[in-house]
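**Q**
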Amino acid sequence: MPEFAHLHVHTEYSLLDGAAEIERLTKRAAEYGIRALAITDHGAMYGTVDFCIAAKKYGIKPIVGCEVYTSPGSRFEKNNEDRYYHLVLLAKNEQGYKNIAALSSLGFIEGYFYKPRVDYELLQKHSEGVIALSACLRGEIPSALLKGEKSKAYSIARKLLSIYGEGNFFIEIQNHGLADEISVLPQLAELSESLGIPLVATNDVHYVDKDDAFKQDVLTCIQTGKKLLDTDRLKFSVNEFYLKTADEMSDIFKDYPQAIENTAKIADMCNFELTFDQKILPRFDNGTDVDNREYLKNLCRDGAVKKYGNLTAEIENRLEYELKTIDDMGYTDYFLIVWDFVSYARLKGITVGPGRGSAAGSLVSYVLDITQVDPIKFGLIFERFLNPERVTMPDIDIDFCYIRRDELIDYVRNKYGVRNVANIGTFGTLAARAAIRDVGRVMDVPLSEVDKIAKLIPRAVNITIERALEESSRLNEMYRTNPTTKKLIDTAMSLEGFPRNVSTHASGVVIADKDLFEYVPIQMGEKGIITQYPMNILEQLGLLKIDFLGLRNLTIIGDTVELIEQTTGKRVDVESISLEDAKTYELISRGETDGVFQLESRGMQSFLRRMKPKEFEDIIMAISMYRPGPMEQIPQYLKIRENPSQVRYKHKLLEPILKETFGIIVYQEQVMKIVSSLAGYSAGRADLVR
Numbered sequence: 091m092p093e094f095a096h097l098h099v100h101t102e103y104s105l106l107d108g109a110a111e112i113e114r115l116t117k118r119a120a121e122y123g124i125r126a127l128a129i130t131d132h133g134a135m136y137g138t139v140d141f142c143i144a145a146k147k148y149g150i151k152p153i154v155g156c157e158v159y160t161s162p163g164s165r166f167e168k169n170n171e172d173r174y175y176h177l178v179l180l181a182k183n184e185q186g187y188k189n190i191a192a193l194s195s196l197g198f199i200e201g202y203f204y205k206p207r208v209d210y211e212l213l214q215k216h217s218e219g220v221i222a223l224s225a226c227l228r229g230e231i232p233s234a235l236l237k238g239e240k241s242k243a244y245s246i247a248r249k250l251l252s253i254y255g256e257g258n259f260f261i262e263i264q265n266h267g268l269a270d271e272i273s274v275l276p277q278l279a280e281l282s283e284s285l286g287i288p289l290v291a292t293n294d295v296h297y298v299d300k301d302d303a304f305k306q307d308v309l310t311c312i313q314t315g316k317k318l319l320d321t322d323r324l325k326f327s328v329n330e331f332y333l334k335t336a337d338e339m340s341d342i343f344k345d346y347p348q349a350i351e352n353t354a355k356i357a358d359m360c361n362f363e364l365t366f367d368q369k370i371l372p373r374f375d376n377g378t379d380v381d382n383r384e385y386l387k388n389l390c391r392d393g394a395v396k397k398y399g400n401l402t403a404e405i406e407n408r409l410e411y412e413l414k415t416i417d418d419m420g421y422t423d424y425f426l427i428v429w430d431f432v433s434y435a436r437l438k439g440i441t442v443g444p445g446r447g448s449a450a451g452s453l454v455s456y457v458l459d460i461t462q463v464d465p466i467k468f469g470l471i472f473e474r475f476l477n478p479e480r481v482t483m484p485d486i487d488i489d490f491c492y493i494r495r496d497e498l499i500d501y502v503r504n505k506y507g508v509r510n511v512a513n514i515g516t517f518g519t520l521a522a523r524a525a526i527r528d529v530g531r532v533m534d535v536p537l538s539e540v541d542k543i544a545k546l547i548p549r550a551v552n553i554t555i556e557r558a559l560e561e562s563s564r565l566n567e568m569y570r571t572n573p574t575t576k577k578l579i580d581t582a583m584s585l586e587g588f589p590r591n592v593s594t595h596a597s598g599v600v601i602a603d604k605d606l607f608e609y610v611p612i613q614m615g616e617k618g619i620i621t622q623y624p625m626n627i628l629e630q631l632g633l634l635k636i637d638f639l640g641l642r643n644l645t646i647i648g649d650t651v652e653l654i655e656q657t658t659g660k661r662v663d664v665e666s667i668s669l670e671d672a673k674t675y676e677l678i679s680r681g682e683t684d685g686v687f688q689l690e691s692r693g694m695q696s697f698l699r700r701m702k703p704k705e706f707e708d709i710i711m712a713i714s715m716y717r718p719g720p721m722e723q724i725p726q727y728l729k730i731r732e733n734p735s736q737v738r739y740k741h742k743l744l745e746p747i748l749k750e751t752f753g754i755i756v757y758q759e760q761v762m763k764i765v766s767s768l769a770g771y772s773a774g775r776a777d778l779v780r
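Be aware that the sequence shown starts at 91, since it is given in our numbering, and climbs by one per residue.
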């Protein structure tokens with residue numbers, strides 16, 4: 091078998107165009123014995139990390155790239171008759187990856203005109219570490235040759251050769267059986283020989299198997315708003331855009347064996363691997379000559395005195411331990427960054443939530459006023475938030491008034507740099523019902539029929555079409571007895587979960603120490619710059635991610651405080667209101683909690699009426715129990731709550747841990763304490779067990 095690498099591949103992240111699922115693609119390449127594979131999605135790099143991980147899983151060398159759109163003139167011109175061309179770029183090394191990410195980013199930010207375009211100025215500036223291929227028929231060189239503009243084609247080839255240098259620019263040849271490809275191929279070969287620019291053979295892969303051509307055709311129709319029966323639509327006229335074997339490619343290009351050999355040579359030149367073990371944190375400027383570690387320590391000590399007055403040995407020791415752990419793990423700047431924008435919010439009268447999640451287990455967070463929950467009083471464990479035995483980025487989720495949340499993001503953007511801060515991108519996908527409706531429209535199935543099928547899919551979280559067929563006997567019957575319905579559902583199932591568009595994450599923001607496209611590609615979103623990678627990928631790459639959660643309830647509380655002050659002249663400090671008000675607990679015990687955050691569902695109201703909370707810890711208990719898992723214990727809990735003498739402990743060491751919850755494990759902290767107490771594990775190791 092000849093050695094061959096696919097260097098022109100469009101995955102599912104060539105949105106609504108590529109139909110090659112990354113997992114299937116890499117697995118099939120491994121089955122074919124292909125040792126290297128590139129990802130070259132259109133204009134963007136959305137799937138890069140997923141692709142690299144999957145390729146490694148199947149023993150394939152991943153090559154990171156992008157098929158960029160090039161502008162015929164300046165990227166700033168928006169009135170070109172020829173709107174854009176194609177050019178394939180592959181990363182040889184880390185610098186090449188950064189340059190391709192920069193080009194993809196700037197194509198969106200500066201050159202967007204129908205597509206994210208770059209020009210020769212940007213190609214020149216970001217050429218180091220990059221290999222360029224002249225692309226498909228939409229490349230500028232083959233386009234010129236097809237128009238009979240031979241001198242222009244040669245001029246463009248010389249320009250690209252001068253930009254990338256000898257050995258880094260290749261003339262790409264393809265043959266899917268299209269008339270224009272067959273016509274231009276000998277002209278490209280002649281240009282290659284005349285200018286001494288080597289040829290490279292590619293297949294413009296858009297799907298994995300030949301049978302997937304229909305699936306890709308449906309995707310294109312969804313993208314363009316067309317139907318399969320339409321004659322005036324974008325469509326591949328052949329079904330040859332699949333992942334071919336090395337033998338198939340060698341047979342197609344038997345007259346150009348060097349073009350096949352060059353794919354392996356290029357693969358050998360590309361040696362970039364993503365790094366997952368770094369921490370990319372901006373440095374916090376505290377405005378003084380004091381070292382940031384000392385600065386944080388001073389802030390914490392001042393805050394602790396303010397919160398507790400005289401500091402006990404327990405508080406002193408806990409604070410010292412947390413600060414040392416934070417310093418050892420390299421997160422001092424992280425805490426200062428969060429402290430700074432939370433302080434700004436309070437200064438500007440933006441309502442801030444008391445804290446949520448594991449961050450409430452940090453005494454440092456509490457004394458810095460990042461959270462308002464005393465971890466000492468409530469027995470919360472720091473290692474659940476920041477575990478030295480499980481090194482991951484801290485994750486402090488903070489709620490803000492949803493109307494003024496953007497003011498905070500603007501503050502952070504202005505402080506750390508417009509291109510250093512971005513909202514996080516997220517992908518909308520073809521979910522079960524949407525896939526049925528989209529495919530039904532494309533196949534021109536009557537709307538009433540499509541509606542009937544879609545409505546038979548249960549409204550459940552993360553429902554899939556496959557699961558719907560198991561749960562709905564009526565849907566299953568239609569699937570088995572109606573050929574049109576079967577084809578519709580089968581096609582929808584094959585596309586289910588495909589990304590269809592990129593949008594802005596509801597709360598996630600990422601902050602870096604320099605231009606983000608030094609690390610990840612970015613683009614324009616609805617409200618400014620967003621990352622092309624989603625949240626989980628950014629975390630894997632070590633970037634600082636913060637959730638600025640907009641909470642309507644906080645806005646209502648803030649408005650209420652303002653109205654009280656306007657009508658009475660008195661300013662209410664919400665955070666100093668007593669949590670021991672009997673009338674409030676009477677109201678909650680009656681289930682009168684409409685509009686009360688986390689207590690307003692009908693099921694929760696029913697639970698509260700039976701439970702009859704009398705103190706704040708009861709509210710904590712109710713919220714913690716009313717969720718999947720502990721929920722099953724609610725009947726047992728209510729029974730024992732009425733008669734505590736029924737509590738039985740499996741071991742005497744469990745009593746002090748489970749006493750407050752009547753012998754039932756409710757909190758994750760209890761899991762950690764049980765493991766620590768009974769097995770002698772450290773808090774960090776107990777967190778790993780959790």
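Positions of the beta carbon are idealized from the N, C-alpha and C atoms, including for glycine. Nothing here was measured: the structure is a model prediction, and the numbers come from that model.
Going by Cα to Cα distance, which pick from Ile143, Gly163 and Phe198 is closest to Val592?
**A** Phe198
**Q** Per DSSP, what kind of secondary structure is Glu598 in: helix, strand or coil?
**A** Per the sequence shown, the amino acid found at residue 598 is Gly instead of Glu. Gly598 falls in the strand class under three-state DSSP.
**Q** Could you tell me how far apart the beta carbons of Val259 and Leu251 are, in whole angstroms, since I believe they sit closer than 8 Å?
**A** Residue identity check: residue 259 is Phe in the sequence provided, not Val. Confirmed, about 5 Å.
**Q** Which one of Tyr346, Tyr332 and Lys325 has the shortest CA to CA distance from Glu262?
**A** Tyr346
**Q** Across which residues does DSSP place Asp487 in a beta bridge pair?
**A** Asp637
**Q** Would the beta-carbon of Val463 fall within 8 Å of that of Pro484?
**A** no
**Q** Please list the segments of the alpha helix (DSSP H) lying wholly inside the stretch 122 to 204, counting only runs of 4 or more residues, in order along the chain.
**A** If we require 4 residues or more, the alpha helix (DSSP H) runs fully inside the stretch 122 to 204 come out as 138 to 147 and 184 to 199.
**Q** What first and last residue would you give for the alpha helix (DSSP H) that runs through Leu744?
**A** Premise fails: Leu744 is in no alpha helix (DSSP H) and is neither H nor E.
**Q** State buried or exposed for Arg165, treating a residue as buried only when at least 16 other CB atoms are found within 10 Å of its CB.
**A** With 16 or more Cβ atoms within 10 Å of its Cβ, Arg165 is classed as buried.
**Q** Just list the residues that DSSP pairs Gly785 with in beta bridges.
**A** Beyond the ends of the chain as shown, which are 91 and 780, falls residue 785; an answer cannot be given.
**Q** Counting only runs that start and end within the stretch 534 to 596, where is the alpha helix (DSSP H) found for 4 or more residues in a row?
**A** 537 to 545, 555 to 561, 563 to 571 and 573 to 585
**Q** DSSP three-state label for Glu759, please.
**A** Helix at Glu759.
**Q** List the residues that DSSP assigns as beta-bridge partners of Thr516.
**A** Ser593
**Q** Looking only at its chain, what residues have a beta carbon closer than 8 Å to the beta carbon of Leu642, apart from the 5 residues adjacent to it on each side?
**A** The sequence shown places Arg at residue 642, not Leu. Non-local beta-carbon contacts of Arg642 in its own chain, meaning distances under 8 Å to residues more than five positions away in sequence, involve Tyr492 in chain order.
**Q** In chain order, which continuous runs of the alpha helix (DSSP H) of length 4 or greater are located wholly inside the stretch 214 to 300?
**A** 230 to 236, 240 to 254 and 269 to 285
**Q** In the structure shown, what three-state DSSP assignment does Tyr434 receive?
**A** helix
**Q** Check whether the stretch 271 to 285 touches the stretch 302 to 321, counting contact only when three or more Cβ pairs, one atom from each stretch, lie closer than 8 Å.
**A** no
**Q** Can you give the Cα-Cα distance for Thr657 and Glu665, rounded to whole angstroms?
**A** 20 Å
**Q** Go ahead and pull the three-state DSSP assignment for Gly615.
**A** strand
**Q** Specify the secondary structure class of Ile620 as computed by DSSP and reduced to three states.
**A** strand
**Q** To the nearest angstrom, how far is the alpha carbon of Lys505 from that of Asp496?
**A** Taking the Cα positions, Lys505 is about 14 Å away from Asp496.
**Q** Answer with buried or exposed for Tyr739, where buried requires no fewer than 16 other C-beta atoms within 10 angstroms of its C-beta.
**A** exposed
**Q** What does DSSP give as the partner residue(s) for Thr101 in the beta ladder?
**A** Ala110
**Q** Starting from Asp322, trace the alpha helix (DSSP H) in both directions and tell me its first and last residue.
**A** That residue, Asp322, is in no alpha helix (DSSP H); it is neither H nor E in DSSP.
**Q** With three or more C-beta pairs closer than 8 Å as the rule, is the stretch 192 to 212 touching the stretch 598 to 614?
**A** yes
**Q** From the DSSP secondary-structure annotation, give me the bridge partner or partners of Ile370.
**A** Leu633
**Q** Contact defined as beta carbons within less than 8 Å: I believe Tyr103 pairs with Gly137. What is the distance between those atoms, to the nearest angstrom?
**A** 3 Å
**Q** Measuring alpha carbon to alpha carbon, tell me which of Thr365, Ile710 and Val511 ends up nearest Glu184.
**A** Thr365
**Q** Exposed or buried, what is His741 when buried is set at 16 or more other beta-carbons lying within 10 Å of its beta-carbon?
**A** It is exposed - the Cβ of His741 has fewer than 16 other Cβ atoms within 10 Å.
**Q** Are the beta-carbon atoms of Leu520 and Gly420 separated by less than 8 Å?
**A** no
**Q** Let me know the secondary structure DSSP gives Val380 once reduced to three states.
**A** coil
**Q** Within this structure, are the beta carbons of Tyr122 and Thr335 separated by less than 8 Å?
**A** yes
**Q** For the alpha helix (DSSP H) that Glu655 lies in, which residues bound it at each end?
**A** Arg642 to Thr658
**Q** Hey, would you say His296 sits closer than 8 Å to Gly133, going by beta carbons?
**A** No; because the gap between Cβ atoms is not below 8 Å, this pair is not in contact.
**Q** Rounding to the nearest angstrom, what Cα-Cα distance links Asp790 and Phe638 in this structure?
**A** Outside the modelled stretch of the chain, which goes from 91 to 780, sits residue 790, for which no answer is possible.
**Q** With distances taken between CB atoms, is the gap from Val535 to Thr581 smaller than 8 Å?
**A** no
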